[in-house]
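Before any comments, here is the structure.
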Amino acid sequence: MVREIMHDPLFLAQKSEPATEEDRQVVKDLLDTLRAHLDGCVGMAGNMIGVLKNIIVVCIGNKQVAFINPIITKKSKPYPTEEGCLSLPGIKKTIRYDEIEVEFLDANFKPQRKRYTGWTAQIIQHEVDHCNGILI
22 MVREIMHDPL FLAQKSEPAT EEDRQVVKDL LDTLRAHLDG CVGMAGNMIG
72 VLKNIIVVCI GNKQVAFINP IITKKSKPYP TEEGCLSLPG IKKTIRYDEI
122 EVEFLDANFK PQRKRYTGWT AQIIQHEVDH CNGILI
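Following the numbering used here, the numbering of the sequence shown begins with 22 at its first residue and continues without gaps.
Laid out in C-alpha cells, this is it:
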C-alpha cells in the first residue's frame, strides 16, 4: 500500500528499532511508496512512512531493493556532496563515502553482505542516516 510521506522533523529524528519478520508489510509498503514517487525519489526509510523500523528501500538500476536492519561495516573515499530529501525541504551539505560495505537482511530475511559504490552507496548512506535519526 502506498503510504503518506512523513514530514515531521521531530518524528524523523527518532532512532528506528530493529525490524523482524512481523514487519514484512512495512517492507512491502515502503517498496510500493517508493515506486509511487520514482519521479523524484531514489530511496526511502521506514520513518518516512511513519514507521520507526530499521528498513530502507533503494533504487539500484531499474529495481527497488529492500535492506532490512542495514549496517554499514566499511566505508572509504569520503567526499563532500549536497542532498535533498522527500521528507524535508531544502538541500543540505554532507560527507558521504564512495565505497561502502553493508550487512543486511534481504526482503526474504536472508543475511547479505555486499559492497556498493558511487550513487548507490550514497543513497544507502542517506537512508541509513534516516534509520539512525540523522536528518539530512
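A virtual CB, placed ideally from N, CA and C, is assigned to each residue, including glycine.
Please report the distance separating the alpha-carbon of residue i from that of residue j.
i: R136; j: V78; result: 16 Å
i: E25; j: C62; result: 14 Å
i: R45; j: L156; result: 25 Å
i: P99; j: A40; result: 29 Å
i: I144; j: G64; result: 6 Å
i: Y118; j: E104; result: 13 Å
Cα-Cα, which of the options is closest to residue i?
i: L33; options: P110, Y118, I121; result: P110
i: D150; options: C106, P132, D127, V23; result: C106
Let's see if you can read the secondary structure: which residues bound the alpha helix (DSSP H) around residue i?
i: E148; result: 139 to 152
i: A57; result: 45 to 57
i: F32; result: 30 to 33
In the DSSP assignment, find the beta strand (DSSP E) that holds residue i and state where it starts and stops.
i: S85; result: For clarity, residue 85 is Gln in the given sequence; the question names Ser instead. Unbroken beta strand (DSSP E) run through Q85: 84 to 105.
i: R117; result: 112 to 126
i: M65; result: 64 to 66
i: I81; result: 76 to 81
So, under 8 Å CB-CB, residue i and residue j are touching, yes? Tell me the CB distance rounded to an integer number of Å.
i: A66; j: E148; result: 5 Å
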